[in-house]
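S.K.: If you scroll down you'll find the structure; I have some questions about it.
Residue numbers (this note's numbering), protein chains in the order written: chain A, 23 to 274; chain B, 1075 to 1555.
Listed below in structure tokens is the structure:
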């Protein structure tokens, strides 16, 4: 589904990604961990097409297409979804209208007929239930006045509604209390399927107790320096990142 | 990939979408403003002597006044002697049905999407169309007549209901009020007249579309709305204009009178030609709008969506004379390219327990300059008066400007006056967030703008709100590649 080869990227002249390789297949959940400043969120931004990130080398192929050639909305319509670390507030735009617009655009791109109001509301109710999203928040202005946890849960609700093939969760667990974490994880687990894939960026092993990954990668200094299964996350929890840093500098 | 600057440039290059000229024979007065012109206009309209007298007083006031210098923009030189003060379609017959109206005129209305057809009428809209200066067709008049409601052109009101016109014209905006009001008093062409009798709730939105169509013809409408005791009316005014190279001056006067327990809701969508992207050729829209809540418990509410004109200069105001009266002002003003808007409101609290609410949303793009100017005045007898003002500015790009000039004068220490103001920018973050959900930048800007202006758009009657929302989107979207 996603093949990242030798990806180099910089922001404001500063090199952030330095030859990153990653392959994600349908049905897989990949966790990306690593110390602060390693480039985890930058990877998410580059994949989503954020403007000030400049790719200097390498390629990203998404379902056979060159992802880097596409503008952000096309990437979204192709099926790349980014759950933001800091979801943006848009005053006066109701959550539900926003989602109707977004889904409409995505369906139009895929030559699917638009949903009528009834079908859309039905879908919305179904997904609200699935990810345990508060019905009251559906009609409120997009993220405006939402608590940190509500914003994150709204990201998962949007994910459920838009049904992307590749979802990137950028530190979705940060700022969540244990109950919210459980609900968010439950939502993601229900949405997992043979057809879609997840990249979960996190600092903590805690989230991975709820969303069990197929692979765990350690991102350090712009590259993936170690990959493994879910046991790697436990090892990292125990030892921290320093042993990897030392190993890395020893090999240079 | 599209970035903010591209979006802004596209907005800046957006052409005016309603530019076309209708070719209909016109009866035009020679250019220039003097007693002869005024007499010519008055004679053309077969006006009674008292109205001619009043016009001449207006002309005198005009001669005594200077152009203001306090505004927050450079006032272009206006040669009042070069303007023609009267233009009317030559055919002046009255029509019983639309079949008798010049088909070309109807085609123009069609292009403008003016709801002059049966379906629209069934939807509850009676339209009194002012085509340049003379009312051409009035629908649903008969039905309104049954309720005793008078909805007609100003000229017709002068003929049919002189006592009402005589009593109220100039009672809220005197002929000496300001130079443009004086000009209007002297040279007003036509306009609309509404009278709602005691205790009648007008069953439909009354709607007038204005359109400027003859080259070099200043248009000076005069609107007078009287809501008698316990009555209610909602009035809509909307306009578009064809492309022009010459600047066109527009100096309308609107007077609203609400008697005891009456309510007037006045909504405007203004989309006159704003000029090309260098600001050349746009309309100057210098309007005096004022209402008076004369009787106790009366209410006047102004709602405006201003997207057009090269310069918009107006302050729809309310004099809260009666006790327990309410004045409201809801405004969205958009400026792009080199457009200028200096707009706001004045709330004069005279009666006890009077209330006012001001919600102003300015949007500036390109090199547009948007000023809010408001006055809240609490008189010494206005015990327990309350005002709430919220004044927000939204900037798109870094070459536009937003300015706020709120004035508060209170002579009563029981009054409570609140003022809130914010300035924000459409953030790249907001656009990117929407992009990431599959929404392109153009639609994203439209969504954000409509969200921002929602509080005001919600005040518009349903049908109009949809149009206004579309207009905002059309105005501010660029085709982002």
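Beta carbons: idealized from backbone N, C-alpha and C, even for Gly.
Find out if the Cβ-Cβ distance for the pair residue 1392 of chain B, residue 1364 of chain B is shorter than 9 Å.
M.R.: Here residue 1392 of chain B corresponds to residue number 318 of the second chain, with the count starting at 1. Here residue 1364 of chain B corresponds to residue number 290 of the second chain, with the count starting at 1. Closer than 9 Å, so yes.
S.K.: Please name the residue, chosen from A/46, A/251, A/27, A/205, that lies closest to residue 187 of chain A on a Cα-to-Cα basis.
M.R.: If you number the first chain from 1, residue 187 of chain A lands on position 165. Of A/46, A/251, A/27, A/205, the residue nearest in Cα terms is A/46.
S.K.: Does residue 1395 of chain B come out as helix, strand or coil in the three-state DSSP assignment?
M.R.: In the second chain, residue 1395 of chain B corresponds to position 321, counting from 1. If DSSP states are grouped into helix, strand and coil, residue 1395 of chain B belongs with coil.
S.K.: Do residue 1385 of chain B and residue 1344 of chain B have their beta-carbon atoms positioned less than 9 Å apart in this structure?
M.R.: One-based indexing of the second chain puts residue 1344 of chain B at position 270. One-based indexing of the second chain puts residue 1385 of chain B at position 311. It is not a contact, given that the beta carbons lie outside the stated cut-off.
S.K.: Expressed to the nearest angstrom, what Euclidean distance is found between the alpha-carbon atoms of residue 1228 of chain B and residue 1267 of chain B?
M.R.: By one-based count along the second chain, residue 1228 of chain B stands at place 154. By one-based count along the second chain, residue 1267 of chain B stands at place 193. Rounded to whole angstroms, residue 1228 of chain B to residue 1267 of chain B spans 5 Å at the Cα level.
S.K.: If residue 1428 of chain B sits next to residue 1394 of chain B, beta carbons under 8 Å apart, how far is it from one beta carbon to the other, in whole angstroms?
M.R.: In the second chain, residue 1428 of chain B corresponds to position 354, counting from 1. In the second chain, residue 1394 of chain B corresponds to position 320, counting from 1. Contact flag correct, Cβ pair sits at about 4 Å.
S.K.: Kindly indicate which three-state DSSP category residue 1139 of chain B falls into: helix, strand or coil?
M.R.: Counting from one through the second chain, the residue named residue 1139 of chain B turns up at place 65. Residue 1139 of chain B: coil per DSSP, three-state reduction.
S.K.: Identify the residues that DSSP records as bridge partners of residue 189 of chain A: which are they?
M.R.: Working through the first chain from its first residue, we reach residue 189 of chain A at position 167. In the DSSP output, where bridge partners are listed per residue, residue 189 of chain A has A/103, A/220.
S.K.: Smallest Cα separation from residue 1368 of chain B: which of B/1416, B/1257, B/1426, B/1417?
M.R.: As a first step, residue 1368 of chain B is located in the second chain; it is residue number 294 there, counting from the start. The residue with the shortest Cα to Cα distance from residue 1368 of chain B is B/1426.
S.K.: Among residues of its own chain, excluding the 5 on either side of residue 1324 of chain B, which ones have a beta-carbon nearer than 6 Å to its beta-carbon?
M.R.: Here residue 1324 of chain B refers to the residue found at position 250 when the second chain is read from its first residue. Correct list, in chain order: 1293, 1357, 1359.
S.K.: Mapping DSSP to helix, strand and coil, what is residue 1111 of chain B?
M.R.: By one-based count along the second chain, residue 1111 of chain B stands at place 37. Here residue 1111 of chain B sits in helix by DSSP.
S.K.: Does the separation of the CB atoms of residue 104 of chain A and residue 183 of chain A fall below 9 Å?
M.R.: Counting from 1 along the first chain, the entry for residue 104 of chain A is found at position 82. Counting from 1 along the first chain, the entry for residue 183 of chain A is found at position 161. Not a contact, by the Cβ cut-off of 9 Å.
S.K.: Comparing the C-beta of residue 1547 of chain B with each C-beta of chain A, is any distance below 9 Å?
M.R.: Position 473 of the second chain, counted from the first residue, corresponds to residue 1547 of chain B. It does not: the Cβ of residue 1547 of chain B has no partner Cβ on chain A nearer than 9 Å.
S.K.: Can you check whether the CB of residue 235 of chain A is closer than 9 Å to the CB of residue 168 of chain A?
M.R.: As a first step, residue 168 of chain A is located in the first chain; it is residue number 146 there, counting from the start. As a first step, residue 235 of chain A is located in the first chain; it is residue number 213 there, counting from the start. No, the pair does not count as a contact, with Cβ atoms beyond the cut-off.
S.K.: Below 8 Å on the Cβ atoms is my guess for residue 1139 of chain B versus residue 1107 of chain B; work out the distance and round it to an integer in Å.
M.R.: Here residue 1139 of chain B refers to the residue found at position 65 of the second chain. Here residue 1107 of chain B refers to the residue found at position 33 of the second chain. Between residue 1107 of chain B and residue 1139 of chain B the Cβ distance is about 13 Å, and since that is not below 8 Å, they are no contact.
S.K.: Does DSSP classify residue 1301 of chain B as helix, strand or coil?
M.R.: Here residue 1301 of chain B refers to the residue found at position 227 of the second chain. Strand, per DSSP.
S.K.: Which whole-angstrom value describes the C-beta separation of residue 1435 of chain B and residue 1466 of chain B, a residue pair presumed to lie in contact below a C-beta threshold of 8 Å?
M.R.: For the purposes of this step, residue 1435 of chain B is taken as residue 361 along the second chain, with counting starting at 1. For the purposes of this step, residue 1466 of chain B is taken as residue 392 along the second chain, with counting starting at 1. Right, their Cβ atoms sit about 5 Å apart.
S.K.: For residue 237 of chain A, which beta-bridge partners are listed by DSSP?
M.R.: Working through the first chain from its first residue, we reach residue 237 of chain A at position 215. Answer by DSSP bridge pairing, in chain order: A/52.
S.K.: Taking residue 163 of chain A as the query, report the chain B residues whose CB atoms sit under 9 Å from its CB, ordered along the chain.
M.R.: Counting from one through the first chain, the residue named residue 163 of chain A turns up at place 141. Per Cβ cutoff of 9 Å: 1525, 1528.
S.K.: Using the DSSP secondary-structure output, state which residues sit across from residue 1460 of chain B in a beta bridge.
M.R.: The residue given as residue 1460 of chain B occupies position 386 in the second chain. Paired residues: B/1429, B/1490.
S.K.: Three Cβ pairs or more, each shorter than 8 Å: is that satisfied between the region 112-120 of chain A and the region 194-211 of chain A?
M.R.: Result no; under three Cβ-Cβ pairs closer than 8 Å.
S.K.: CA-CA distance, residue 1477 of chain B and residue 1445 of chain B?
M.R.: Reading the second chain from its first residue, position 403 is the one you call residue 1477 of chain B. Reading the second chain from its first residue, position 371 is the one you call residue 1445 of chain B. So the alpha carbons of these two residues sit roughly 4 Å apart.
S.K.: Check whether the Cβ of residue 1494 of chain B lies closer than 9 Å to any Cβ atom in chain A.
M.R.: Mapped onto the second chain, residue 1494 of chain B falls at position 420. No, because no Cβ of chain A sits closer than 9 Å to the Cβ of residue 1494 of chain B.
S.K.: Between the C-alpha atoms of residue 1299 of chain B and residue 1329 of chain B, what's the straight-line distance to the nearest angstrom?
M.R.: The residue labelled residue 1299 of chain B in the question sits at position 225 within the second chain. The residue labelled residue 1329 of chain B in the question sits at position 255 within the second chain. If I take the Cα positions, the gap works out to 6 Å.
S.K.: Using only the heavy atoms of the ligand MG, determine whether one of them is closer than 8 Å to the beta carbon of residue 52 of chain A.
M.R.: Absence of the ligand MG is noted for the structure shown, with no ligands found whatsoever.
S.K.: Between the alpha carbons of residue 1279 of chain B and residue 232 of chain A, how many angstroms are there, rounded?
M.R.: For the purposes of this step, residue 1279 of chain B is taken as the residue at position 205 of the second chain. For the purposes of this step, residue 232 of chain A is taken as the residue at position 210 of the first chain. One C-alpha to the other measures close to 58 Å.
S.K.: Compute the Euclidean distance between the alpha carbons of residue 1198 of chain B and residue 1542 of chain B, then round it to the nearest angstrom.
M.R.: In the second chain, residue 1198 of chain B corresponds to position 124, counting from 1. In the second chain, residue 1542 of chain B corresponds to position 468, counting from 1. Residue confidence is low: residue 1198 of chain B scores 39 on pLDDT, short of 50, so the model does not pin down where it sits. Its coordinate-derived value is still stated next. Cα to Cα, residue 1198 of chain B sits roughly 18 Å from residue 1542 of chain B.
S.K.: Locate the beta strand (DSSP E) running through residue 1447 of chain B, then write down its first and last residues.
M.R.: If you number the second chain from 1, residue 1447 of chain B lands on position 373. Note, residue 1447 of chain B: beta strand (DSSP E), 1443-1452.
S.K.: Beta carbons nearer than 7 Å to chain A: which residues of the region 1495-1510 of chain B have them?
M.R.: Residues 1502, 1503, 1504, 1506, 1507, 1509, 1510.
S.K.: Looking only at C-alpha atoms, which of A/117, A/140, A/129 sits nearest to residue 162 of chain A?
M.R.: As a working note, residue 162 of chain A is residue 140 in the first chain. Minimum Cα distance to residue 162 of chain A is reached at A/117.
S.K.: Where do the ends of the alpha helix (DSSP H) carrying residue 1370 of chain B lie?
M.R.: Here residue 1370 of chain B refers to the residue found at position 296 of the second chain. Counting along the chain, residue 1370 of chain B falls outside any alpha helix (DSSP H), and DSSP gives it neither H nor E.
S.K.: Going straight from the alpha carbon of residue 1210 of chain B to that of residue 1303 of chain B, what length do you get?
M.R.: The residue you call residue 1210 of chain B lines up with position 136 of the second chain. The residue you call residue 1303 of chain B lines up with position 229 of the second chain. Low local confidence applies: a pLDDT of 39 at residue 1210 of chain B is under 50, so the model's placement there is unreliable, and no value is given.
S.K.: Which residues of chain B have a Cβ atom closer than 8 Å to the Cβ of residue 135 of chain A, listed in chain order?
M.R.: One-based indexing of the first chain puts residue 135 of chain A at position 113. The premise fails here: residue 135 of chain A is roughly 16 Å from chain B at the closest Cβ pair, so nothing lies under 8 Å.
S.K.: Threshold first: 4 residues or longer. Then list the alpha helix (DSSP H) segments lying entirely within the region 95-146 of chain A, N to C.
M.R.: As far as the region 95-146 of chain A is concerned, its whole alpha helix (DSSP H) runs of at least 4 residues are 117-131.
S.K.: Identify the continuous alpha helix (DSSP H) that holds residue 1356 of chain B and give its terminal residues.
M.R.: To locate residue 1356 of chain B, count along the second chain from 1; it is residue 282. Taken as a continuous stretch (DSSP letters only), residue 1356 of chain B belongs to no alpha helix (DSSP H), as it is neither H nor E.
S.K.: DSSP puts residue 245 of chain A in a beta bridge; with which residues?
M.R.: Start at 1 with the first residue of the first chain, and residue 245 of chain A comes out as number 223. DSSP lists A/242 as partners of residue 245 of chain A.
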